[in-house]
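Oh and the sequence shown: position 99 is 99 in UniProt numbering, straight run, nothing missing.
Just so it is clear, CB atoms sit at the ideal spot from N, CA and C, and this is done for glycine as well.
Small disclaimer: the values here were computed from a predicted structure and weren't measured.
I have placed the structure first, in the form of structure tokens, so that the comments after it can refer back to it.
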Amino acid sequence: MVMTKIFVGGFPLDITELELVQMLSWHGTVSTIKIVRDKKTRICKGYAFVEMTDRAGAENAVLALNGTMLLGRELTLNITEEAPAKPVMAPRKSYTKPAVNEPAGRPKRPRRPIS
């Protein structure tokens with residue numbers, strides 16, 4: 001089963017997950033919901049990501065609710081497209097090996113004698 005993710009923004013900051021699920025479940029089955037909150041204060045930032053079990057339900061929710069008002073705030077709903085996975089970069093290899101007694105890192109330059 002392919003889940004469809006929706007961005008939901010512009011809702012009141014005191015809305016609960018349950019209220020969002022109730023609003024969206026008229027249009028399809030809600031699988032997961034993630035209300036984005038400030039890391040320190042835990043206050044809602046006014047947007048969330050919702051996964052719905054089918055694309056048709058997600059599209060219905062976007063068509064029905066995008067631009068509508070909820071407690072004086074305009075809702076914004078968009079279907080989010082999954083970003084392709086970023087390729088994992090291999091760590092850079094060091095081409096110099098430290099001497100047994102030297103710490104790892106940048107090789108030391110030879111010192112000139114003081115004259």
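Asked	Found
Please report how far the alpha carbon of Val50 lies from the alpha carbon of Arg109, in whole angstroms.	57 Å
So who's on the other strand from Gly9, going by DSSP bridges?	Tyr47, Thr76
Going by DSSP, what residues sit across from Ile35 in a beta bridge?	Ala48
Skipping 5 residues on each side, what residues in its chain have a beta carbon closer than 7 Å to that of Gly10?	Gly46, Arg73, Glu74, Leu75, Thr76
Is Trp26 closer than 9 Å to Ala61 when the C-beta atoms are compared?	yes
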